[in-house]
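**Q** The structure follows.
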Amino acid sequence: MAAHPGAVEVSQLVTAPDLNGRLPLRLASPDRPGLLEARGRMWGPDGSGALRRGSAKARADLVAWWSAAEGWNEAAGRLLELGPDGIREELARQAAEGRPGEESEESRTSRESRDASKD
166 MAAHPGAVEV
176 SQLVTAPDLN
186 GRLPLRLASP
196 DRPGLLEARG
206 RMWGPDGSGA
216 LRRGSAKARA
226 DLVAWWSAAE
236 GWNEAAGRLL
246 ELGPDGIREE
256 LARQAAEGRP
266 GEESEESRTS
276 RESRDASKD
């Protein structure tokens, strides 16, 4: 993993009589990381069977995650602005109408009874 100024890295070492492993994780910047890098390596003693060595690397771009988290914060803020009564009304509306892209209980029941009558 390339060194980044301000990066935080945590490494876990696992040892056992028949297998050893190391897993380092790095956040490019701890305050609001845009990249998570992980590596893993396993090794066993000579003659330990088919798996003597293994390794893997992964990188995750966290920009989309932060964007979704901001959307969640904004939605939670709008809900809190409604106050307790407004939240109850919004939850009742969502239960009756369903959230966008979600089928309401009433339309699901209607569809299921239609499907059952076809049989």
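Here the sequence shown is numbered in our numbering, starting from 166 and rising by one per residue. Cβ coordinates follow ideal geometry from the N, Cα and C atoms, glycine included. Here the structure is a predicted model, which is why all the values come from computation and not from measurement.
Might you give, ordered along the chain, the residues of its own chain that have their beta carbon closer than 7 Å to the beta carbon of A193, omitting 5 neighbours on each side?
**A** Sequence index remark: in the sequence shown, residue 193 carries index 28 (1-based). So the list reads H169, A172, G199, L200, once near-sequence residues are dropped.
**Q** Residues in the same chain with beta-carbon distance under 6 Å from R204, minus the five sequence neighbours each way, listed in chain order, please.
**A** What you label residue 204 is simply residue 39 of the sequence shown in a count that begins at 1. Taken in chain order, the residues that qualify are P189, K222.
**Q** For A225, which option in A240, R191, G186, S176 has the closest C-alpha, if you only look at C-alpha atoms?
**A** Taking the first residue of the sequence shown as position 1, residue 225 is located at position 60. Cα-wise, what sits closest to A225 is R191.
**Q** Would E202 be called buried (16 or more neighbouring beta carbons within 10 Å of its own) or exposed?
**A** Position 37 of the sequence shown, counting from 1, holds the residue named residue 202. With 16 or more other Cβ atoms within 10 Å, it is buried.
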